[in-house]
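Following: one structure in structure tokens, then a few remarks.
Protein chains: 2
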Amino acid sequence: MYYLGIDLGGTNIAAGIVNDQMELIYKTSIPTESKTGEDNIIGRMAKVAKMAIKGAGIREDEVIHIGVGSPGAIDSVNGVVVGAENLGLVRTEMAKKLGAYFPGKPVYLGNDANVAAWAEFKCGAAKGAKDAIMVTLGTGVGGGIIADGKLHTGFNDIGGELGHTVIQMGGRLCGCGRKGCWEAYASVSGLIKTTKEYMEKYPDSLMWKISDSLDKVNGLTSFEAMRKGDEAAQKVVDEYLYAVAAGIINMINIFQPEILCIGGGISKEGKYLLDPIKKHVEAEAYGGGVSKHTTLKIAELGNDAGIIGAALLGT
Amino acid sequence: MYYLGIDLGGTNIAAGIVNDQMELIYKTSIPTESKTGEDNIIGRMAKVAKMAIKGAGIREDEVIHIGVGSPGAIDSVNGVVVGAENLGLVRTEMAKKLGAYFPGKPVYLGNDANVAAWAEFKCGAAKGAKDAIMVTLGTGVGGGIIADGKLHTGFNDIGGELGHTVIQMGGRLCGCGRKGCWEAYASVSGLIKTTKEYMEKYPDSLMWKISDSLDKVNGLTSFEAMRKGDEAAQKVVDEYLYAVAAGIINMINIFQPEILCIGGGISKEGKYLLDPIKKHVEAEAYGGGVSKHTTLKIAELGNDAGIIGAALLGT
């Protein structure tokens, strides 16, 4: 038997088939056409889902259920996307409407960051850890909480907004309206902002050679220049990683997860990301004299976490 | 049948009897004699427990089990106090040693802040809320997490250190070694520090009349002067409550608890504490367009939460 997972994004909709060994055996994607309204978007979700079934060479009746990971606020009990601004979805009855294309099949729905955490817990970096946290360092900072083997989303289903925790009162304005959120420092956008600040202060920095104008700065600029020995870039990376670690240590002191895994674009930096963060954690996290401490890892499933986690909702 | 709860503190050991309606029917306390070593302390715990049984007019065989709330790091599975510095307890086999005084009775053990949260969840301000947070604004800032009706303490049992989350990177040095912890701003000690800072800046403030020297400043000084119209005191309280709210909003965005209740000495300020915090929460907490939002409350059980929560461990 198989599970079908759909990862609904602002640009593309990806769908894939996961087998009962929790392996992704086939995936495909099509553009979202995000400005075309909920009926068209859901129609496209059904289309790419059927393409995945066909591509995997299985029959529709071999699919046990369908899971969807969506951005925004989700009501997972009723299968409703309460609000996903960038897709124009407001109180969209996703489970019901998508389910109409697949009569008789249950449709599960979850927030995309939560779904990615669920995937890492079920078959990725946090496999088997009943208490686990996943932090996604992407355009924003997303999060997912596994508490006692279950996805914790709070009584109203919108919990896990780890990126919207203030680590610098009165600091950088965040997209959420608060000042000083972790996301404003630890996201790719936060890193780019810090990179630009230092480039303006250090006109001789190698970062100007890598990105010849401020407009071309991206999340790699500072890491690349740092590896070539640039001092200003080292300061950017140090400051960035201190902020990433500040939030990670906060999460450890709150949850004491067995595993905390880091995903998202910046996680590709691997040891350049993980090693300095581990040092900060060792120096600052509450240990209480106990012998067991949180293990920090890079997430394993990459972009597939969204499809796999969605497919495995309800398992 | 009855439950016996012991609240082990640095100054006093309190014990009480809770009936099967979760009512505290009798309590008493004796000094801890905290410098006298674990055997004496445990002996005194047994003594005050037996005093409570006698005082309640019940028989020892009517007590179903004993629960203990202890400061420090706890291994609740094995009933061990891993470390409670101010009591000189290190890897103390509490359940085994205290149990020797009460043959055949189970002894449960929990961290004091967690135990207080458990009490508020079982029969106080957070009753019936399967997802709840308790924040204690006392000498430090303590916390307790109820996730899906269970106390969440993490895989190593030392989670819930909500006070040791950084809200101001590079800020005030905290007792835990980190800089800028919530506790360094939102605890009574943090409030006193802020009060003194403003008193030094405002030599004409009414706060100087209420506490005629900096040494006499306490957690009430600023609130009292504020209610009498003092401007500098208003600034202290505003700044204090902003910091309290910053951490509370962080917890809401992470957990989205049905109820978040505030206990500890400062919670006696009631509406002077709660109303401004509610305003900050309304302005800043992530709402996601959903209709259900966290309810903020003052904790209901006061100092009895420690005894009641301990007694109800294991229920």
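Quick note, the sequences are listed as chains A and B, same order.
Residue 241 in my numbering sits at position 241 of the first sequence, and the numbers go up by one each step.
Heads up: take any position in the second sequence, counting from 1, add 315, and you land on my numbering.
By construction, the Cβ of each residue, glycine as well, lies at the ideal position given by its N, Cα and C atoms.
- Of the residues assessed, P386 (chain B) falls on the buried side of the cut-off, its CB having 16 or more other CB atoms within 10 angstroms.
- The Cβ neighbour count for E62 (chain A), taken over all protein chains shown within 10 Å, is under 16; the residue is labelled exposed.
- Around the beta carbon of D335 (chain B), fewer than 16 other beta carbons lie within 10 angstroms, which makes this residue exposed.
- For K607 (chain B), the nearest CB of chain A lies under 9 Å from its own CB, placing it at the interface with that chain.
- Going by DSSP, A147 (chain A) is part of no alpha helix (DSSP H) but of the beta strand (DSSP E) stretching over 141-147.
- If one requires a minimum length of 3 residues, the beta strand (DSSP E) runs lying completely within the segment 61-146 of chain A are 63-70, 73-75, 80-84, 89-92, 107-111, 132-137, in chain order.
- Contact of M169 (chain A) with chain B by beta-carbon distance below 9 Å involves I482, Q483, G486, G495, Y500, Y557, A558, A561.
- Residues of the segment 438-454 of chain B with a C-beta less than 8 Å from any C-beta of chain A: A444, K445, D446, listed in chain order.
- For D446 (chain B), the number of other beta carbons within 10 angstroms of its own is at least 16, and it is reported as buried.
- The three-state reading of DSSP puts Y517 (chain B) in coil, since its state is none of H, G, I, E or B.
- Relative to I53 (chain A), the option among A:M1, A:G10, A:E85 whose CA is nearest is A:M1.
- Just so you know, the alpha carbons of V503 (chain B) and G175 (chain A) end up roughly 32 Å apart.
- Between the alpha carbons of G585 (chain B) and I356 (chain B) lies a distance of about 35 Å.
- About 18 Å separates the Cβ atoms of C261 (chain A) and E161 (chain A), ruling out a contact at the 8 Å cut-off.
- In the displayed model, P591 (chain B) falls within a helix according to three-state DSSP.
- Between A305 (chain A) and G16 (chain A), the beta carbon gap of about 11 Å keeps them out of contact (Cβ cut-off 8 Å).
- In this structure, I58 (chain A) keeps its C-beta atom at 9 Å or more from the C-beta atom of N111 (chain A).
- Inter-residue distance for G370 (chain B) and A364 (chain B) is about 10 Å (C-alpha atoms, whole angstroms).
- Nearest to G302 (chain A) by alpha-carbon distance, out of A:Y3, A:G10, A:P203, A:L24, is A:L24.
- Within the segment 602-628 of chain B, the complete beta strand (DSSP E) segments at least 3 residues long are 610-613, listed from N- to C-terminus.
- Under a criterion of Cβ atoms nearer than 8 Å, the residues of chain A adjacent to D463 (chain B) are, in order, A147, D148, K150, H152.
- In the structure shown, the three-state DSSP call for L24 (chain A) is strand.
- According to the DSSP assignment, G562 (chain B) belongs to the alpha helix (DSSP H) that extends over 546-570.
- The C-alpha of K607 (chain B) is placed about 24 Å away from the C-alpha of L556 (chain B).
- Among the CB atoms of chain A, one or more fall inside 9 Å of the CB of L477 (chain B).
- Excluding sequence positions up to five before and after V115 (chain A), its CB lies within less than 7 Å of the CB of G69, G306, G309, A310, L313, all in the same chain and listed in chain order.
- Buried is the label assigned to T536 (chain B), since at least 16 other Cβ atoms lie within 10 Å of its Cβ.
- Residue contact check for D472 (chain B) against chain A: a CB pair falls below 9 Å.
- At a C-beta separation below 7 Å, P71 (chain A) has no neighbours in chain B, since its nearest C-beta there lies roughly 11 Å away.
- For F255 (chain A), the C-beta contacts it makes with chain B under 7 Å involve G469, G474, in order along the chain.
- Counting only Cβ-Cβ distances below 7 Å, N565 (chain B) has contacts in chain A at T165, V166, in chain order.
- From the listed residues A:I192, A:E183, A:R227, the smallest Cα separation to Y272 (chain A) is found for A:R227.
- Taking 9 Å as the cut-off, the Cβ atoms of K193 (chain A) and R178 (chain A) do not count as close.
- A check of alpha carbon separations from V605 (chain B) across A:G67, A:K127, A:G5, A:N156 identifies A:N156 as the nearest.
- For W182 (chain A), the closest alpha carbon among the candidates A:D212, A:A245, A:T195 is that of A:A245.
- By DSSP's assignment, V18 (chain A) forms a beta bridge with A:Y3, A:L24.
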